[in-house]
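Residue numbers (this note's numbering): 1 to 456.
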């Protein structure tokens, strides 16, 4: 697993080198969001407010919220609305309530049309007020209104009786009459105070007077998530998942990137590193004839994103010096007449181009024969007149297990791995003049096939 810290530069490389793939995945996500919006029809939500007069504690307000969304209230609203195919159980999923500031219960209803959403909210609020009044009165609405009125009439009748007794006691000329009138007045005062306290403590008069604060407003827009929100959200989700997937793949990448690690994986010595000019975006490749490779090239999957930006290269002469030094080291390791098998992993375009340039620079000394081997099941031709094998590959392209498989394949074919050449991609500096190239300049050869090279 790679232990490199994920930096903004890494994300920047993903955005630059995988921009086509990310754009395609974002479009796919947008189409998926559009399809999701077709499966789930639009919804509209509106709210009706119910005012609760008097003093209410928080737990009492929460109780009223539960009452507003209870099955009794919603079932009564469903029976009143009489919508075909819509039961109270289904409406319970569409009705919500919450306690707002100022002893207000906001009842929200959701339906498939603005008109139905408005009717649903208004009807649930109305049924909630009626049901709360019945609970507070302890009986029917008529009984709740009759009992306080009858009690007041009894109090008025008692006050008149007290007045009659006070008049019958006389004008207060005797001590007994004064004491009687005083006792009657105290009784009247106590009765009025008790009635006042009863009115204040009676929940039917202080808390049952709930009021619906007007009809619910007809919604003018869809309730979230709207179709636009689904499209944008799915496109962003696919984009982020693609970026996270690239980062996760980079963290779990076990491909060897440094020259000592690659040489140790093959169990041989490093003969040098060579530069391969970066291909232009419009350059034609032989594998582009395959539809799958064309798609990979179109999406930008044919190039590695997790490698640093290729450094700038010098002139053609400087690059050829590297190849000539590798050829000189091969002559020192190969007995005359030298003939070597150049092993290139299949699909490694950079290594294949580097191997072709080595064949051109060797010019038959040593004699090189290039073969491409599959990494999944590497098979190297049996030894004929070759005196060893040279492995050419690019940095960061293979794991230690894959390199060990190539080394074992060479051993099975009785080829000794005499060395390793690591190829890297470089950018060619733009030329200032259109002068002729040097007479000794030799273009890099693109070698493809099972066996190519100079003549023996």
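C-beta: ideal position from N, C-alpha, C; glycine also.
Check	Outcome
Contact check, residue 73 vs residue 67, beta carbons under 8 Å	yes
Whether residue 394 touches residue 334 by CB criterion (8 Å)	no
Backbone secondary structure at residue 425 - three-state DSSP	strand
Cα-Cα separation between residue 379 and residue 418, rounded to whole angstroms	18 Å
Residue 234 vs residue 42 beta-carbon contact at 8 Å	no
Pairwise C-alpha distance: residue 320 and residue 276	10 Å
Exposure of residue 425, with buried meaning 16 or more beta-carbon neighbours within 10 Å	buried
Closest Cα partner of residue 389 within the set 58, 372, 84	372
Three or more C-beta pairs below 8 Å linking the stretch 4-18 and the stretch 181-189	no
Start-to-end residues for the beta strand (DSSP E) that takes in residue 369	367-373
DSSP-derived helix/strand/coil call for residue 260	helix
Inter-stretch contact at 8 Å, needing at least 3 Cβ pairs: the stretch 77-90 / the stretch 28-35	no
Whole-angstrom distance between residue 245 and residue 272, CA atom to CA atom	34 Å
Distance between residue 397 and residue 351 (C-alpha atoms, nearest Å)	10 Å
Of the listed residues 304, 216, 406, nearest to residue 17 (C-alpha basis)	304
Span of the alpha helix (DSSP H) around residue 241	227-251
Cα-Cα separation between residue 238 and residue 295, rounded to whole angstroms	19 Å
Presumed contact (8 Å Cβ cut-off) between residue 266 and residue 420, rounded CB distance	5 Å
As assigned by DSSP and simplified to three states, the class of residue 62	helix
Residues of its chain near residue 283, where Cβ-Cβ distance is below 6 Å and the 5 sequence neighbours each way are ignored	Note that residue 283 has pLDDT 49, beneath the 50 cutoff, so the model's placement of it is unreliable and no number is given.
As assigned by DSSP and simplified to three states, the class of residue 203	Confidence is the limiting factor: at residue 203 the pLDDT is only 49, short of 50, which leaves the residue's position unreliable and the question unanswerable from this model.
Validate contact between the stretch 45-64 and the stretch 75-87 using beta carbons, cut 8 Å, 3 pairs	no
Cβ shell of residue 374 (< 6 Å), same chain only, five flanking positions each side left out	346
Among 126, 160, 279, 415, nearest to residue 341 - alpha-carbon criterion	415
Where residue 114 falls: helix, strand or coil (DSSP)	helix
Close-in-space but distant-in-sequence residues of the same chain around residue 327 (CB under 6 Å, 5 per side omitted)	361, 362
Residue 97 beta carbon less than 8 Å from that of residue 61	no
Neighbour-count burial assignment, residue 22, 16 or more Cβ in a 10 Å radius	buried
Complete alpha helix (DSSP H) runs within the stretch 54-105 (minimum length 4 residues, chain order)	58-68, 71-81, 88-92
Separation of residue 228 from residue 130, as counted between CA atoms	40 Å
Extent of the continuous alpha helix (DSSP H) to which residue 37 belongs	19-39
8 Å Cβ cutoff, residue 114 in contact with chain D	Absent from the structure is chain D; it holds one protein chain and no more.
Reduced DSSP category for residue 48 - H, G, I as helix; E, B as strand; rest coil	strand
Option nearest residue 57 by Cα separation, candidates 71, 104, 79, 406	104
Sub-8 Å separation of residue 70 and residue 216 beta-carbons	no
Local Cβ density within 10 Å of residue 413, reported as buried at 16 or more and exposed below that	buried
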